[in-house]
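Visitor: Dropping a structure here in structure tokens format, bear with me for questions.
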Amino acid sequence: MIGIQKISAYPCTLSLDLAELAIARGQDPASLDELMVKTRSLNPLFEDPVTMAVNAALSVLTDEDRERIELLVVGTESSPDFGKPIAAYVHRYGGIQPNCRTLETKHACYSGTSALMLAAHWVASGIRPGAKALVVTTDQSRAHFGKPWEMVMGAGAVAMIVGDRPDVLELELSHCGYWTSEVADTYRPTATSEVGHADDSLFCYLDGLEGAYDHFLTRAGDNDLDDYFQRHIYHMPFGGMAWRAHRALLRRARRVDAAEARAHFERKVRPSLTYNALLGGTYSSSTFFGLLGLIDSDPELSPGDRVSIFSYGSGSCAEIYEGRIGARAKEIVAAARLEELLEERRPVSVSEYERIERTRTERAEQPDYLVARGEHGDLYERLYAGRGRLVLEGVSGFERQYGLS
Numbered sequence: 011m012i013g014i015q016k017i018s019a020y021p022c023t024l025s026l027d028l029a030e031l032a033i034a035r036g037q038d039p040a041s042l043d044e045l046m047v048k049t050r051s052l053n054p055l056f057e058d059p060v061t062m063a064v065n066a067a068l069s070v071l072t073d074e075d076r077e078r079i080e081l082l083v084v085g086t087e088s089s090p091d092f093g094k095p096i097a098a099y100v101h102r103y104g105g106i107q108p109n110c111r112t113l114e115t116k117h118a119c120y121s122g123t124s125a126l127m128l129a130a131h132w133v134a135s136g137i138r139p140g141a142k143a144l145v146v147t148t149d150q151s152r153a154h155f156g157k158p159w160e161m162v163m164g165a166g167a168v169a170m171i172v173g174d175r176p177d178v179l180e181l182e183l184s185h186c187g188y189w190t191s192e193v194a195d196t197y198r199p200t201a202t203s204e205v206g207h208a209d210d211s212l213f214c215y216l217d218g219l220e221g222a223y224d225h226f227l228t229r230a231g232d233n234d235l236d237d238y239f240q241r242h243i244y245h246m247p248f249g250g251m252a253w254r255a256h257r258a259l260l261r262r263a264r265r266v267d268a269a270e271a272r273a274h275f276e277r278k279v280r281p282s283l284t285y286n287a288l289l290g291g292t293y294s295s296s297t298f299f300g301l302l303g304l305i306d307s308d309p310e311l312s313p314g315d316r317v318s319i320f321s322y323g324s325g326s327c328a329e330i331y332e333g334r335i336g337a338r339a340k341e342i343v344a345a346a347r348l349e350e351l352l353e354e355r356r357p358v359s360v361s362e363y364e365r366i367e368r369t370r371t372e373r374a375e376q377p378d379y380l381v382a383r384g385e386h387g388d389l390y391e392r393l394y395a396g397r398g399r400l401v402l403e404g405v406s407g408f409e410r411q412y413g414l415s
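Right under this line is the structure:
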């Protein structure tokens with residue numbers, strides 16, 4: 011048996027109420043109901059995708075893990091360096107033993123799933139009996155002031171220990187389907203730009219879903235969607251996309267009216283939106299926050315329940331795979347205290363959000379700058395001081411300098 015042995019997450023320390031943002035942009039806040047989003051996470055200026063990755067990892071690692079991890083993979087599309095992987099920082103600040111492979115995977119939002127699959131197949135190979143892999147996903151949005159998709163931006167990181175005791179999620183590695191096609195739906199051509207074609211991306215997502223699911227059926231057999239899976243998790247650039255995806259697969263299986271499709275979604279998919287609705291778009295972490303939300307909030311979920319997980323990455327690659335809920339899943343996810351961490355975030359106003367993102371953009375390619383801990387009032391003292399969280403202290407000659415709080 012191979013799969014996710016432990017899982018934890020880092021949901022950032024700032025939040026923005028999206029209803030306030032909608033009003034500031036002259037939009038009707040009721041439109042957020044269709045998107046199925048409420049708030050988004052935001053990083054202070056002394057955090058970045060590196061600190062998020064490390065802080066997520068620190069919340070899951072034990073001394074035993076540090077000695078037994080021999081593969082460390084970070085999935086991201088937000089790396090601050092074109093060469094050095096975020097995994098190098100996670101290895102250092104996570105205190106992991108030196109005989110370990112470290113690397114970074116990149117394929118937009120699919121990068122997290124690619125990292126998980128690489129790690130799971132490495133463990134399954136049996137080449138290093140008893141060894142574990144650490145998989146971390148970490149991403150943050152770039153500035154999109156006034157753009158239609160500004161309402162679905164976000165940030166967050168997830169860390170997972172992958173091994174031969176899948177207490178959270180057992181992976182059925184032979185039951186997966188994947189599909190790829192080069193498209194230009196969304197992309198990040200520079201250190202500050204995140205561009206593309208929003209409508210095209212939605213259609214490419216659904217094309218990827220259909221292609222991956224067709225391939226999945228050749229592996230797992232032509233099973234009835236409703237009987238085979240107890241729950242479903244979809245990649246969520248925003249929660250409403252999970253609804254569109256699930257409706258599309260339902261209509262492939264049988265004829266359903268709108269009311270029946272919605273009821274089916276509410277029962278089998280909605281619990282996975284619990285945390286994504288509060289985090290916003292988390293890119294490579296999206297499906298894993300969905301897994302955390304499902305386990306934490308669905309009272310009917312039981313060990314052994316079969317779950318489908320669909321991941322999509324612009325560019326594009328898609329995969330749907332199968333997992334079974336582990337015997338200790340609820341206990342382990344509860345210990346991650348994600349609901350508590352989300353409530354702990356400090357709300358920011360729209361003007362403060364804009365100031366933070368403008369400053370972050372201005373600094374993105376600067377060779378030298380210092381980060382003042384007082385740039386966010388008492389945030390550092392309240393949520394960092396003495397907690398051992400990694401923070402960005404500044405950049406000197408393009409070298410990023412970090413320290414533990």
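Its first residue numbered 11, the sequence shown is counted upward by one per residue in my numbering. For every residue, glycine included, the Cβ atom is placed at its ideal position computed from N, Cα and C.
Looking at C-alpha atoms only, which residue of Ser69, Arg35 and Tyr103 is the closest neighbour of Lys157?
Guide: Measuring from the Cα of Lys157, the nearest candidate turns out to be Arg35.
Visitor: I'd like the ranges of any beta strand (DSSP E) spanning at least 3 consecutive residues and lying wholly in the region 89-142.
Guide: The qualifying runs are 111-115.
Visitor: On the DSSP letters alone, give me the boundaries of the beta strand (DSSP E) that Gly173 sits inside.
Guide: Taken as a continuous stretch (DSSP letters only), the beta strand (DSSP E) holding Gly173 covers Ala165 to Gly173.
Visitor: So, under 8 Å CB-CB, Asn65 and Leu400 are touching, yes? Tell me the CB distance rounded to an integer number of Å.
Guide: Contact flag correct, Cβ pair sits at about 6 Å.
Visitor: Rounded to a whole number of angstroms, what is the C-alpha to C-alpha distance between Asp73 and Arg347?
Guide: Approximately 21 Å, taken between the alpha carbons.
Visitor: Could you check the C-alpha separation between Arg365 and Pro247 for me, to the nearest Å?
Guide: One C-alpha to the other measures close to 24 Å.
Visitor: Am I right that Phe299 and Gly122 are in contact with their C-beta atoms under 8 Å? What's the rounded C-beta distance?
Guide: Rounded, the Cβ-Cβ distance is 10 Å, inconsistent with contact.
Visitor: Taking Glu351 as the reference, give the member of Ser294, Lys340 and Leu288 with the closest Cα.
Guide: In the sequence under discussion, the amino acid at residue 351 is Leu, which differs from the Glu named in the question. If we check each option's Cα against that of Leu351, Leu288 comes out closest.
Visitor: What does the Cβ neighbour count give for Val205, buried or exposed, with the cut at 16 atoms within 10 Å?
Guide: Counting Cβ neighbours within 10 Å, Val205 comes out exposed, since fewer than 16 surround it.
Visitor: When the Cα atoms are used, what is the spatial distance from Asp267 to Glu409?
Guide: Each residue's alpha carbon lies about 57 Å from the other.
Visitor: Ignoring anything shorter than 3 residues, give me the beta strand (DSSP E) runs that lie fully in the region 27-76, in order along the chain.
Guide: Whole beta strand (DSSP E) segments, 3+ residues: 49-52.
Visitor: Alpha carbon to alpha carbon, how far is Pro39 from Thr297?
Guide: Cα to Cα, Pro39 sits roughly 26 Å from Thr297.
Visitor: If you measure between the beta carbons of Ser18 and Val70, is that distance less than 7 Å?
Guide: Yes, the pair counts as a contact, with Cβ atoms nearer than the cut-off.
Visitor: Only counting the same chain, and skipping five residues up and downstream in sequence, which positions put a Cβ closer than 6 Å to that of Ala169?
Guide: Closer than 6 Å at the Cβ level, and outside the excluded window around Ala169, lie Ser18, Ala66, Ala67, Val70 and Val146.
Visitor: Using 8 Å as the cut-off, can you tell me whether the region 79-86 makes contact with the region 130-144, which would need three or more C-beta pairs spanning the two stretches below that distance?
Guide: Yes, since at least three Cβ pairs between the region 79-86 and the region 130-144 fall closer than 8 Å, the two stretches touch.
Visitor: Between Val358 and Leu24, is the Cβ-Cβ spacing less than 7 Å?
Guide: Yes.
Visitor: Run the CB neighbour count on Asn109, radius 10 Å, all protein chains shown included, and call it buried at 16 or more, exposed below.
Guide: Burial call: exposed.
Visitor: Return the residue from the list Val172, Gly250, Glu270 and Ser312 that minimises the CA-CA distance to Leu283.
Guide: If we check each option's Cα against that of Leu283, Gly250 comes out closest.
Visitor: Where Ala252 and Val279 are concerned, what is the direct C-alpha to C-alpha distance, given to the nearest angstrom?
Guide: Rounded to the nearest angstrom, the two C-alpha atoms are 8 Å apart.
Visitor: Is DSSP giving Thr202 helix, strand or coil here?
Guide: Correct three-state label for Thr202: coil.
Visitor: How would you write the range of the alpha helix (DSSP H) that Phe298 sits in, first residue to last?
Guide: First-last of the alpha helix (DSSP H) with Phe298: Ser296 to Ser307.
Visitor: Label Ser151 either buried or exposed according to how many other C-beta atoms from any shown protein chain fall within 10 Å of its C-beta, with 16 as the threshold for buried.
Guide: Under this definition Ser151 is a buried residue.
Visitor: Please confirm whether Arg373 and Tyr379 have their CB atoms less than 7 Å apart.
Guide: Yes. Within cutoff.
Visitor: Among residues of its own chain, excluding the 5 on either side of Asp308, which ones have a beta-carbon nearer than 6 Å to its beta-carbon?
Guide: Excluding sequence neighbours, Asp308 sits near Pro281.
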